[in-house]
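S.K.:
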Ligand code: AHM
Ligand code: MG
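In this note's numbering, the protein residues as written are 175 to 511.
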């Protein structure tokens with residue numbers, strides 16, 4: 175990659191001045207995520223070489239078995255953020271409860287909380303398929319200097335200050351937004367530097383890819399069944415192409431570049447779908463909207479949902495604006511909330 179390109183570090187500094195009264199706290203926070211991303215990238219890359227694969231034996235709050243890399247990624251992100259004392263609280267998909275971060279003098283003035291899915295799609299690790307980290311940042315709502323409470327984490331996605339993901343793929347990328355569009359940075363592993371490779375990323379208005387686990391078809395609501403039939407019908411620019419990696423970050427990333435829709439609807443087996451509102455859907459929805467796309471539960475924007483619990487799940491339809499609107503139209507005609 176050309177060294178003429180802007181590095182992520184340079185980009186963060188340059189954009190900090192865009193926030194008029196910025197204290198630099200958010201910049202420091204994104205810098206810490208950048209650092210943890212490089213560490214986790216290193217672990218993911220050597221996964222095939224050393225004995226860190228396989229289930230660790232623990233189960234997370236959703237009753238799923240954790241793989242060792244999930245545990246490692248969780249530790250790395252939490253340690254990096256906690257050691258730098260730049261956040262007042264962290265919630266992770268891998269932790270039962272949120273974590274309060276105290277400073278050495280017990281009196282820090284930090285105003286941000288971070289919510290994170292340290293390694294999403296981790297069932298793909300054993301078969302060498304891309305996985306990702308997803309993060310979401312909010313300003314706390316309780317007074318600065320007091321211990322964070324659940325309220326600080328249960329905010330509608332619309333209030334996110336920043337969100338992004340790291341994709342550990344054929345190359346490693348960090349893609350994020352602070353509410354002024356979406357920018358993607360590719361890691362040059364030889365020197366450990368992220369370069370701005372994808373400035374101002376946008377979803378094509380429509381696309382030809384639909385991504386859904388069709389193995390669950392029989393359990394889907396009628397609206398989703400009808401929409402899938404619509405995607406498969408020979409008419410106009412259809413049939414569409416079906417592409418499903420089973421790794422949200424990778425499916426989202428491809429659809430943002432090529433145009434497409436990702437769906438994880440509710441089903442008769444999972445009444446709220448599978449994906450978590452706070453760790454997966456909200457950050458992806460913020461990115462989608464910032465990139466000109468759309469994200470919905472089939473009936474309302476994901477970002478408008480008032481969360482009720484940390485590990486809440488929601489049905490998820492996300493991607494190119496016109497495709498999501500079409501899926502919503504089918505849901506509203508054939509299904510109920
Ligand atoms: P995880 O957080 O346990 O890794 O689950 C989330 C993942 C998403 O990345 C992916 O899109 C989805 O689960 C796949 O689920 P399924 O195997 O049911 O299709
Ligand atoms: Mg996940």
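For every residue, glycine included, the Cβ atom is placed at its ideal position computed from N, Cα and C. These numbers come from a predicted model, not from an experiment.
Compute the Euclidean distance between the alpha carbons of residue 401 and residue 317, then round it to the nearest angstrom.
M.R.: Whole-angstrom Cα-Cα distance: 46 Å.
S.K.: Could you give the residue range of the beta strand (DSSP E) that holds residue 491?
M.R.: 490–493 is the span of the beta strand (DSSP E), which, as asked, contains residue 491.
S.K.: State the Cα-Cα distance for the pair residue 258 and residue 292, rounded to the nearest angstrom.
M.R.: So the two alpha carbons sit approximately 18 Å from each other.
S.K.: Can you tell me which residues fall inside 5 Å of ligand 2, judged by beta-carbon distance to its nearest heavy atom, and keep chain order?
M.R.: In chain order, the hits are 291, 294.
S.K.: Checking the sheet assignment: what are the DSSP bridge partners for residue 362?
M.R.: In DSSP, residue 362 forms a bridge with 367.
S.K.: I'd like to check one pair, residue 256 with residue 275: are the Cβ atoms closer than 7 Å?
M.R.: Yes, Cβ-Cβ distance for residue 275 and residue 256 is below 7 Å.
S.K.: So for residue 276, helix, strand or coil by DSSP?
M.R.: Residue 276: coil per DSSP, three-state reduction.
S.K.: Which word fits residue 268, buried or exposed, when buried means at least 16 other C-beta atoms lie within 10 angstroms of its C-beta?
M.R.: Residue 268 comes out buried.
S.K.: Please report the Cβ distance between residue 182 and residue 368, rounded to the nearest whole angstrom; I am assuming they are in contact, meaning their Cβ atoms lie under 8 Å.
M.R.: About 4 Å; that satisfies the 8 Å criterion.
S.K.: Which residues does DSSP pair with residue 309 in a beta bridge?
M.R.: 290, 338.
S.K.: Can we count residue 387 as close to ligand 1, meaning its CB is less than 6 Å from some heavy atom?
M.R.: True, at least one ligand heavy atom lies under 6 Å from that Cβ.
S.K.: Express the C-alpha separation of residue 200 and residue 456 in angstroms, rounding to a whole number.
M.R.: The alpha-carbon atoms of residue 456 and residue 200 are separated by roughly 19 Å.
S.K.: Three-state secondary structure (DSSP) at residue 418?
M.R.: Residue state, collapsed to three classes: coil.
S.K.: Using three-state DSSP, classify residue 445 as helix, strand or coil.
M.R.: Looking at residue 445 - three-state DSSP - the assignment turns out to be strand.
S.K.: Consult DSSP for residue 457 and reduce its assignment to one of helix, strand or coil.
M.R.: Correct three-state label for residue 457: helix.
S.K.: If I follow the unbroken alpha helix (DSSP H) through residue 221, where does it start and stop?
M.R.: From DSSP, residue 221 is part of no alpha helix (DSSP H); its letter is neither H nor E.
S.K.: Kindly list the residues whose CB is nearer than 6 Å to the CB of residue 298, restricted to its own chain and excluding five residues on each side of it in sequence; keep chain order.
M.R.: Result list for residue 298: 305, 421, in chain order.
S.K.: What did DSSP end up calling residue 264 once you bin it into helix, strand or coil?
M.R.: Reduced to three states, the DSSP call for residue 264 is strand.
S.K.: What separation, rounded to the nearest whole angstrom, lies between the Cα atoms of residue 315 and residue 261?
M.R.: Roughly 13 Å separates the two Cα atoms.
S.K.: If residue 437 and residue 501 are in contact, beta carbons under 8 Å, what's the gap, nearest whole angstrom?
M.R.: About 7 Å; that satisfies the 8 Å criterion.
S.K.: Per DSSP, what are the beta-bridge partners of residue 346 in this structure?
M.R.: BP columns for residue 346 point to 342.
S.K.: Just to check, is the beta-carbon of residue 422 closer than 6 Å to a non-hydrogen atom of ligand 1?
M.R.: The answer is yes for residue 422.
S.K.: CA-CA distance, residue 487 and residue 479?
M.R.: Cα-Cα distance, rounded: 11 Å.
S.K.: For ligand 1, is there any heavy atom lying closer than 6 Å to the beta carbon of residue 153?
M.R.: The structure shown does not extend to residue 153, since the chain is modelled only from 175 through 511, so no value can be given for it.
S.K.: For residue 409, write down the residues that DSSP places opposite it in a beta bridge.
M.R.: Partner(s): 412.
S.K.: Roughly how many angstroms separate the alpha carbons of residue 489 and residue 178, rounded to a whole number?
M.R.: Each residue's alpha carbon lies about 43 Å from the other.
S.K.: In this structure, what does DSSP give as the bridge partners for residue 181?
M.R.: DSSP lists 369 as partners of residue 181.
S.K.: DSSP puts residue 518 in a beta bridge; with which residues?
M.R.: In the structure as shown, the chain starts at 175 and stops at 511, and residue 518 therefore has no counterpart that could be examined.
S.K.: Could you check if residue 296 belongs to the surroundings of ligand 1, using beta carbon to heavy atom distance under 6 Å?
M.R.: Yes; taking the cut-off as 6 Å, the Cβ of residue 296 has a heavy atom of ligand 1 nearer than that.
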